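One structure below.
Protein chains in written order, with this note's numbering: chain U, 9 to 101; chain X, 17 to 216; chain R, 16 to 601; chain B, 21 to 259.
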């Protein structure tokens, strides 16, 4: 069975991309004119990209059956649903 | 057969698709990680909602040391790399090399915890303890729980490292991958904690 | 390269070494022994929970009078046998906590899940035997920590089994119960860890270690129910682990999660608790339903009606159970506009359960029913659960819940959903699988007597409580005579009175002695059980009673679904899953 | 069933009792039908020699209709109940009538404090009056209360008014009721709030219009003397 790690980008390249994204996040802070919420949203987007990189390449999700995606993302979905429902009671109490 | 293929071979004889014939350790670890995602997901959700309610906690967040956290992010990302390299080495049958990378992961984990205790020390010295308000309560709970997970990962990695040095290590080799899954999960949690708590 | 055969042999070989008593009974990694250990913990804690119920009922019926049998208990928990107000809330809290977390879960998930799941799917043992042993030992430790909280200063936790903050977040609010509630939190977190380990084992074993021919759609319904319950528990326990850590922080480190004066929010605990709480009650209900659904086809000699429909209904109920939780909080101060969506989801979730109950009913219709003790308990479970389900509709309507919330109507409702599933369903399972678990047969007449006593006394306790609740009786009252409104409920009406209910509760508790007598006597002198006394189709009846290490001498092949009863054109009225497809004539 | 409910004295209490009766009439027939099926099948389908059970797998839509059609009907009836409940809920919880008698209710471990604004109709003035465990209201008038708690969660429960609302520390929750019958009724705390939770009893005293005026004069003697000037309307004349 062809070793997927050889065909795709090597771990070190993934590592470099991750560091680039960390630096991108830090650089983002120097744009004073952006409001806090936009910065937070952008940082979360960067974090999501980093997480996907780690999940797909380091955790081999790329080579795994679809069911693992279900197991990995159902709890994330549940946490988001809970957060949305709690908005009226916690965020605007 | 010492070097398993890229991943543990699928188990034949079980009805069903690839997921049903997946190695037991990987399936079990992913179920465990699902429940862990809910713990940190809840903390991140309640932290964010309370932050919106309290108007952003900008004042308190200015006292957090982003530099140490950024360095820690670098340390944790590198430890994820060393785990993958250790797994690759194991798959190529180079067990000694795999063990060296595993040891490197453990050391990086210790550096992470060391920097974190330094960070906590300075904050407490400045008088910011878990009892100084809602932000600090969430800050210490989230980073503390994450730190405990890093510590748990270190202990497991050390036991695995010892086990791989002893005879009969073939049975333990797949565990490098499964423990690696846990370690990458701890890294992903930090990927979300770092910006939320330190940056914006 | 097939790792299939050697892997199974290896596991069977490894457990065969269990020579010494310690290795085979105490520190065992055999899922069957672990299942019995869970059963032992569950029954032991059920005795504690039952005694607490006796104390609560006695104090409610005759406030301030000494409770027979408890005169010896030292101060401050009792004063010459009289329950003081400081201890009453603690007994109510511990009764709820012990019954939900240390009786229902260990018996339904731990005992029946561990013992039956591997055999029913044709696996030699659990996927991770050592993790399985750790899970039962973690539960043992959790039980010890919970019981030890009775003996610490100021007694055990007394903020309700739901532990609402800020009452639970600051010791001064509960008359300085400090270590009592801290140990309560630690014991609960250990219990969560234990059932997380169990859940990982259940899911991996059932999905990844099924015997050849055992497709997902040929798995017995009990296995499906245990799987959905395991997934519900694993996905819902996260928020309560986080909330428990927050509560522990508030109590010990002075953090500001739930205490308003420190900047926290009291409502957050209720949301996190009930986000876990509602899936949790389905984690308890579904295995109870699974047991009943296994037993009914066997004694009606009739295929289970709508197997796939019930499986999809279970999955739908599981998914819906995550967006239902705020119906526990209609009047708790949440944004009133939230009540409507949660009323709708509460009604939607009653649909899968009415489908399941309907399928169970149609399994009975047209059957050739034999009323052996397991079947009696299964029918008792279905009949009593119907009352629980119907009364849920009253509480699901937000406007009516405004009046009924926190009254005895709610107490009666959740006892009518929990008791049938745990006690009646659990006993149905015990009487049905006792021959398989222990290799001995239980006494049938004693079993039937135990059923009728338990069934009637349970209804005699909780049907009157519906009306007591309607009359406006609040929950967790130490002494109802304080209120003129509740004075008539003490002893004036023939049935609807605390006095009658307490007498019925005593009968209910005492009649459990029949079970202990039956079990102990059968273990010692009961006749040896056959491999398949009930002529059932599922895999556990295709091996010896009790099954050997590794469960099967030779790994079985599965040819059909488990409910092939009275197949047309066949002389026998059953056709085991392992019987080859060719000629089934025997 | 309805006879067990305490006597209702409030306007929306009738809606709640009506909703209760509706649910009784909707669910009881189904309940008896289901129990009847169990009893019927247990009595008439007993095992006898030569009796073969039906081979009914329930995997065809035709057979499943026996389940799905009744379930659809149940779903429809449930939504009927829910629609009615949502209306009553919105009427009680989502709207607070204006121009009513105001009172502030403070719950604390183990008693209720009722703060009356006094004749000037405003809180925080010196003529405010706090009464322990006594809520005096005029009959037939809307009464708006603001719930606050000093320590833990309590629950403001008046069985005869069919009213219950938890009192959250750190928040103030407004609600209302309109008592139509005079008399003295009990108020209780319905949420576990500590060791003496059972002693948190208070009284709702509903006065007729002139009884209420006498009560005001008795409680605010100086206002009675000032009542000579027409300009000081007491709370009752406002609405």
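Built from N, CA and C at the ideal position, the CB exists for glycine as well. Note that the structure is a prediction, hence the values are computed from the model and not measured.
Query, Result
"Where residue 349(R) meets chain U, residues with beta-carbon distance less than 8 Å", "96 and 97"
"Contacting residues, own chain, Cβ-Cβ under 7 Å from residue 33(B) (five flanking each side not counted)", "181 and 182"
"Start-to-end residues for the alpha helix (DSSP H) that takes in residue 23(B)", "Here residue 23(B) belongs to no alpha helix (DSSP H), and DSSP marks it neither H nor E."
"Outcome for residue 82(B) when other beta-carbon atoms lying within 10 angstroms are tallied against a minimum of 16", "exposed"
"Residue 123(B) beta carbon less than 8 Å from that of residue 136(B)", "yes"
"Segment limits, beta strand (DSSP E) that includes residue 126(B)", "121-128"
"C-alpha gap between residue 98(R) and residue 225(B), whole angstroms", "34 Å"
"Residue 59(B) classed as buried or exposed, judged by whether at least 16 other C-beta atoms fall within 10 angstroms", "exposed"
"Contacts that residue 101(U) makes with chain X (C-beta to C-beta distance below 7 Å)", "69"
"Test item: CB-CB of residue 186(B) and residue 346(R) under 8 Å", "yes"
"Residue 133(R) versus 141(R), 126(R) and 127(R), residue with shortest Cα-Cα distance", "141(R)"
"Minimum Cβ-Cβ distance from residue 108(B) to chain R less than 8 Å", "yes"
"Closer than 8 Å to chain C by CB, residue 225(R)", "Among the chains of the structure shown, chain C does not appear; the protein chains present are U, X, R and B."
"Alpha carbon of residue 258(B) to alpha carbon of residue 228(B), nearest angstrom", "Confidence at residue 258(B) is low in this model, with a pLDDT of 41, below 50, so its placement is unreliable and no value can be given for it."
"Rounded C-alpha distance that separates residue 406(R) from residue 419(R)", "11 Å"
"Simplified DSSP assignment, three categories, for residue 489(R)", "strand"
"C-alpha distance - residue 115(R) paired with residue 145(X), whole-angstrom precision", "36 Å"
"For residue 108(B) and residue 608(R), believed in contact at Cβ under 8 Å, the rounded distance", "Summary: the structure shown does not reach residue 608(R), with chain R confined to residues 16 through 601, and so no result is reported for it."
"C-alpha gap between residue 306(R) and residue 441(R), whole angstroms", "8 Å"
"Within-8 Å CB hit, residue 73(U) to chain R", "no"
"Distance between residue 128(B) and residue 159(B) (C-alpha atoms, nearest Å)", "27 Å"
"Alpha-carbon spacing of residue 209(B) relative to residue 153(B), whole angstroms", "11 Å"
"Through-space distance from residue 68(X) to residue 151(X), alpha-carbon basis", "11 Å"
"Residue range of the beta strand (DSSP E) that includes residue 11(B)", "Only positions 21 to 259 of chain B appear in the structure, and residue 11(B) is not among them; the question remains open."
"Runs of alpha helix (DSSP H) lying entirely within the region 158-230 of chain R, each at least 4 residues, in chain order", "194-223"
"Any chain R beta carbon closer than 8 Å to residue 92(U)", "no"
"Own chain partners of residue 135(X) with C-beta closer than 6 Å, once the 5 adjacent residues on each side are dropped", "81 and 84"
"Same chain, Cβ closer than 7 Å to residue 203(R), five either side skipped, listed in chain order", "116 and 259"
"Pick from 495(R), 513(R) and 487(R) that is closest to residue 23(B), judged by C-alpha positions", "487(R)"
"Distance between residue 164(X) and residue 231(X) (C-alpha atoms, nearest Å)", "Here chain X comprises residues numbered 17 to 216, so residue 231(X) is not present and cannot be evaluated."
"Helix, strand or coil at residue 594(R) according to DSSP, with G and I counted as helix", "coil"
"Pairwise C-alpha distance: residue 269(R) and residue 230(B)", "53 Å"
"Beta-carbon neighbours of residue 86(U), restricted to chain R and to distances below 7 Å", "250 and 337"
"Chain R residues whose Cβ lies nearer than 8 Å to that of residue 83(U)", "250 and 253"
"Contacts of residue 58(U) in chain X (Cβ-Cβ under 7 Å)", "207"
"Test: residue 182(R) CB closer than 8 Å to a CB of chain B", "yes"
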